[in-house]
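Here is the structure we will look at, set down as structure tokens.
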Amino acid sequence: MKKIKFIAACSIAISFYISSCTSLEPNTFVINGTTDHTDGSSVYRIKSGPNGQPITIDSTKVANGSFELKGSLDQIDINFIFLDGINGNVPVILEEGAIDVNIFKDSIASSIIAGTPSNNNLAQYRVSTQGFAKDMRTLVQEINEANTLGDNILAEDLTAEYKAVEANLNVYERDFMNSNPQSYVASLILERLVTTKAMRSSEAKLIFNGFDPKIKSSVSGKKVEAIINAPSNPTALGEIAPAFEGPTPTGEIISLASLKGKVTIIDFWAAWCRPCRIENPNLVRLYKRMHHKGLEIVGVSLDKNKSSWLRAIEDDGLNWNHVSNLKFWQEPIALLYGVRSIPAAFVLNKDGVIVAKNLRGAQLDAKIEELLNE
Numbered sequence: 003m004k005k006i007k008f009i010a011a012c013s014i015a016i017s018f019y020i021s022s023c024t025s026l027e028p029n030t031f032v033i034n035g036t037t038d039h040t041d042g043s044s045v046y047r048i049k050s051g052p053n054g055q056p057i058t059i060d061s062t063k064v065a066n067g068s069f070e071l072k073g074s075l076d077q078i079d080i081n082f083i084f085l086d087g088i089n090g091n092v093p094v095i096l097e098e099g100a101i102d103v104n105i106f107k108d109s110i111a112s113s114i115i116a117g118t119p120s121n122n123n124l125a126q127y128r129v130s131t132q133g134f135a136k137d138m139r140t141l142v143q144e145i146n147e148a149n150t151l152g153d154n155i156l157a158e159d160l161t162a163e164y165k166a167v168e169a170n171l172n173v174y175e176r177d178f179m180n181s182n183p184q185s186y187v188a189s190l191i192l193e194r195l196v197t198t199k200a201m202r203s204s205e206a207k208l209i210f211n212g213f214d215p216k217i218k219s220s221v222s223g224k225k226v227e228a229i230i231n232a233p234s235n236p237t238a239l240g241e242i243a244p245a246f247e248g249p250t251p252t253g254e255i256i257s258l259a260s261l262k263g264k265v266t267i268i269d270f271w272a273a274w275c276r277p278c279r280i281e282n283p284n285l286v287r288l289y290k291r292m293h294h295k296g297l298e299i300v301g302v303s304l305d306k307n308k309s310s311w312l313r314a315i316e317d318d319g320l321n322w323n324h325v326s327n328l329k330f331w332q333e334p335i336a337l338l339y340g341v342r343s344i345p346a347a348f349v350l351n352k353d354g355v356i357v358a359k360n361l362r363g364a365q366l367d368a369k370i371e372e373l374l375n376e
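Have a look at this one:
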């Protein structure tokens, strides 16, 4: 079992309350910001592009500890506020009204967002899930320490605790979505769950059907609707993994079929993908422990530069099978598997059936051990 990644209640300043009462034109918003960052620093409003790349929409400067960003909108969406010289960002839901943001340069995660219904919901969600996140981070650390010491029994017990906390978080998120059908936050949660296949379409449809029409027609709502109404997915859990073949770094062609009879992880990644590179050491440790028991890994790279691909394989010590057509997001195998973001992983049992997706850390370890012991 390995490292798992996991994505303060504060009072709102009086000035926030006053700014929230400002009259605005219909279908417009204003972000009233305060910060303890340096005057003259640049402030950027960013959105995520089609491939996850940041796109700057607007910018301004901090003056007397304040800044303001205005705009019009035709549908609700989420943007992110970045300040020069500060790591991290502050998510802001763009909806009609005055949005109040207080950014703390030394603790950006504690920044305060309020003023409109969905942003108030976002603040509520962040505060309510902090306890889950803290418990999960603590358990991850303890699991890693147990693994380092070779105490598999303790690691398994801690993993069970982790799963229990995760299950409670899942219950909270489902209750939140059902209780806040008018909130964009509910749609963002549902989007994450259906995108990562953490929720079946049948359950997601029941929740989505209860959303307010404005949320259904939002950017996130449209994404959710497209996913849950998509034709049957050939990479759904329980399906035989679609067959593929591809060129290795040496130019040879290998196929998925050649690995039949082995528990296999199909790992979609790229040299330029920082989250992928951060996760690679965990896969290396898992492969070293489990390869002799029958685990295989096939790395499918979305790189377009062969030298970068080869260098990343060597630098990260990825001593398993690799294929890539070096076509970036047009990688045929990624398109075949419906991969829209990376890292992405599919776990196959010995019969080539997809039994899990996008597991990381202790969850992936536990699943591989379970499959190898069958």
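Residue numbers for the sequence shown follow my numbering, beginning at 3 and rising by one. All C-beta atoms in this analysis are idealised placements derived from N, C-alpha and C, irrespective of residue type, glycine included.
Rounded C-alpha distance that separates residue i from residue j
i    : j    : result
W271 : F348 : 12 Å
L141 : E281 : 18 Å
R342 : N91  : 23 Å
K5   : A157 : The pLDDT assigned to K5 is 38, lower than 50, so where the model puts this residue is not dependable, and the model offers no usable value.
S220 : L160 : 40 Å
F210 : E175 : 14 Å
N149 : L366 : 14 Å
G354 : N29  : 51 Å
Q332 : S68  : 44 Å
Y127 : A259 : 45 Å
S204 : K107 : 43 Å
S113 : Y164 : 27 Å
A358 : H39  : 44 Å
S61  : L124 : 23 Å
S181 : T131 : 16 Å
E227 : N66  : 44 Å
L239 : I268 : 14 Å
N81  : I95  : 6 Å
G35  : I256 : 55 Å
W311 : T252 : 12 Å
A245 : Y339 : 10 Å
E27  : Q55  : 31 Å
Reduced DSSP secondary structure (H/G/I, E/B, other) of residue i
i    : result
K107 : coil
Y339 : coil
N180 : helix
D102 : strand
K306 : coil
H294 : helix
P283 : helix
R194 : helix
A206 : helix
N29  : coil
V187 : helix
G73  : strand
F246 : coil
S222 : helix
K329 : coil
I88  : coil
D318 : helix
K262 : coil
Neighbour-count burial assignment, residue i, 16 or more Cβ in a 10 Å radius
i    : result
E193 : buried
R139 : exposed
R313 : exposed
N121 : buried
H294 : exposed
D177 : exposed
N170 : exposed
S74  : exposed
E97  : buried
G117 : buried
A232 : exposed
A243 : buried
V129 : exposed
G363 : buried
V383 : The structure shown does not extend to residue 383, since the chain is modelled only from 3 to 376, so the question has no answer here.
A111 : exposed
E372 : exposed
I105 : buried
Cβ neighbours of residue i in the same chain (closer than 7 Å, five flanking residues each side left out)
i    : result
P277 : P345
M292 : I370, L374
K207 : I230
N327 : G248, P249, E333, P334
A458 : Residue 458 is absent from the model: the chain starts at 3 and stops at 376.
T58  : Y46, I48
T198 : N360
The ligand MN heavy atom lying under 7 Å from the CB of residue i
i    : result
I356 : The ligand MN is not part of the structure shown, which contains no ligands of any sort.
Own chain residues within Cβ distance below 6 Å of residue i, not counting five before or after
i    : result
M201 : L195
S50  : none
R279 : none
E298 : L261, K264, T266
Proximal residues to residue i (C-beta, below 8 Å), its chain only, five neighbours per side dropped
i    : result
A361 : For the record, residue 361 in the displayed sequence is Leu; it is not Ala. Here the set comprises A347, V349, K369.
I217 : I78, P183, Q184, S185, Y186, A188, S189, G223
N307 : A273, L328
Below-8 Å beta-carbon distance, residue i vs any chain B residue
i   : result
T37 : In the displayed structure, chain B is absent; only one protein chain is listed.
Q.
At 3 residues or longer, what runs of the beta strand (DSSP E) sit wholly inside the segment 114-181?
A. Within the segment 114-181, the complete beta strand (DSSP E) runs of at least 3 residues are 114-116.
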